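Trainee: Have a look at this one.
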Amino acid sequence: MNTVAETHVRAPVAAPHATHKLKLLLKREFWEHKGGFLWAPLVAGGIFLLLSLMGAGVGEAFLRKAPDHARVNVEGGSFRINGLDLSQLTDKLGPEELREVGGVIDASLYMAASWPLIVLAFVVFFYCLSCLYDDRKDRSVLFWKSLPVSDRDTVLSKVVSAVVMAPALAILAGIVTMLGSLVLYSGLVLLHGGNPLTLLWGPASPLKVAGNMIASLPVYALWAMPTVGWLMLCSAWARSKAFLWAVMIPVFAGIFVTWFDMMKFFNLEATWFWKNIVARMLLMRGPGHLV
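Just so you know, we're using this note's numbering here: the sequence shown kicks off at 1 and counts up by one.
So this is what it looks like as structure tokens:
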């Protein structure tokens, strides 16, 4: 009895797409810098909420210690501080007053959301300054060069991490902090007999605030490019003390230009050089700056 051996021809495996490599490199950057990209903005937002809660507690203690005859005057009437009833205040507010209240609440929401974004500035600065320098210092760059990943893809993944991934996570943390502050304010309003939907959520524009923050991301990415490029250049070039090279070269260039008044050849003041060269290289200065 003859047996016929079956042979299976294995289909050729297609080369991985370039975007697949970039996705893997972005995951690598996230897991290696998860503390700065994710936890630092969240912790900053948590600190703001904790301080707000402590401030609310101090305010409540002050209100309860106020004399019974102490009153606050508002257009249309006066209200007792000790035992404040916000429902009475809400009844006295007209559409114009509610719009003004909404503007104040929106400003407080921006302030709450700014805490993770302030941390973002420091995270991105030191990430760009160390991302290539550390790879050379611990010689892990030799390992990555042995993989089928080009230097272009490696650098591109770090740029995208600095101008897109880290800001997106910080914006998300800012939105969470903003909503957390609204919940905290709602609890205070309920504590004093008010309706949060009428006094807070109605006049405020949390969706508009969140939308403005998200819309600022591509503008920030473009205006952060000079700073990111300069810091990564120093990270790739400096043999040691990358921070000093990155900071001192622009600063000494500004001092040199100011000392010899070199901008007069262009009919410009020395302050122009500091604002448009030094600040753009070090501070991500521009209209898209989120802080």
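Glycine included, each C-beta is placed from N, C-alpha and C at the ideal position. Here the structure is a predicted model, which is why all the values come from computation and not from measurement.
By the 10 Å Cβ neighbour count, where 16 or more other Cβ atoms means buried, how is Lys21 classified, buried or exposed?
Mentor: Residue numbering aside, residue 21 sits at position 21 when the sequence shown is read from its first letter. Buried, since its Cβ has 16 or more Cβ neighbours within 10 Å.
Trainee: Check the C-beta distance from Leu182 over to Leu200 and give it rounded, since I have them as a contact under 8 angstroms.
Mentor: Translated into positions along the sequence shown, residue 182 becomes position 182. Translated into positions along the sequence shown, residue 200 becomes position 200. Rounded to whole angstroms, the Cβ separation of Leu182 and Leu200 is 6 angstroms, and the two are in contact under 8 angstroms.
Trainee: Measuring straight from C-alpha to C-alpha, what distance separates Phe62 and Leu188?
Mentor: Reading the sequence shown from its first residue, position 62 is the one you call residue 62. Reading the sequence shown from its first residue, position 188 is the one you call residue 188. Roughly 14 angstroms separates the two Cα atoms.
Trainee: May I ask you to verify whether the region 26 to 40 touches the region 156 to 167, counting CB pairs closer than 8 angstroms and requiring at least 3?
Mentor: yes
Trainee: Less than 8 angstroms separating the beta-carbons of Gly174 and Leu117?
Mentor: Taking the sequence shown and counting its residues from 1, one reaches residue 174 at position 174. Taking the sequence shown and counting its residues from 1, one reaches residue 117 at position 117. Their beta carbons are under 8 angstroms apart, which means Gly174 touches Leu117 by this criterion.
Trainee: In its own chain, which residues sit with a C-beta less than 7 angstroms from the C-beta of Leu190, not counting the 5 before and 5 after it?
Mentor: Mapped onto the sequence shown, residue 190 falls at position 190. In the same chain as Leu190, and ignoring 5 residues on each side of it, the C-beta atoms closer than 7 angstroms to its own belong to Pro196, in chain order.
Trainee: What residue ranges within the region 147 to 193 form continuous alpha helix (DSSP H) runs of no fewer than 4 residues, ordered along the chain?
Mentor: Qualifying alpha helix (DSSP H) stretches, in chain order: 151 to 160 and 166 to 191.
Trainee: Spatial neighbours of Trp237 within its chain, please: C-beta separation below 8 angstroms, excluding the five flanking residues on both sides.
Mentor: Locating residue 237 in the sequence shown gives position 237, where the first residue counts as 1. Cβ neighbours of Trp237 beyond the five flanking positions: Trp245.
Trainee: Would you mind sorting Thr271 into buried or exposed? The rule is 16 or more other CB atoms within 10 Å of its CB.
Mentor: Counting from 1 along the sequence shown, the entry for residue 271 is found at position 271. It is exposed - the Cβ of Thr271 has fewer than 16 other Cβ atoms within 10 Å.
Trainee: From Ala170 to Met111, what distance separates their C-alpha atoms?
Mentor: Sequence index remark: in the sequence shown, residue 170 carries index 170 (1-based). Sequence index remark: in the sequence shown, residue 111 carries index 111 (1-based). Rounded to whole angstroms, Ala170 to Met111 spans 14 angstroms at the Cα level.
Trainee: Any chance the region 203 to 213 sits against the region 96 to 107, with 3 or more Cβ pairs inside 8 angstroms?
Mentor: yes
Trainee: For Met262 versus Glu269, is the C-beta distance shorter than 8 angstroms?
Mentor: Residue numbering aside, residue 262 sits at position 262 when the sequence shown is read from its first letter. Residue numbering aside, residue 269 sits at position 269 when the sequence shown is read from its first letter. No.
Trainee: Check whether the Cβ atoms of Trp115 and Thr154 lie closer than 8 angstroms to each other.
Mentor: Stepping through the sequence shown from its first residue, residue 115 is reached at position 115. Stepping through the sequence shown from its first residue, residue 154 is reached at position 154. No, Cβ-Cβ distance for Trp115 and Thr154 is not below 8 angstroms.
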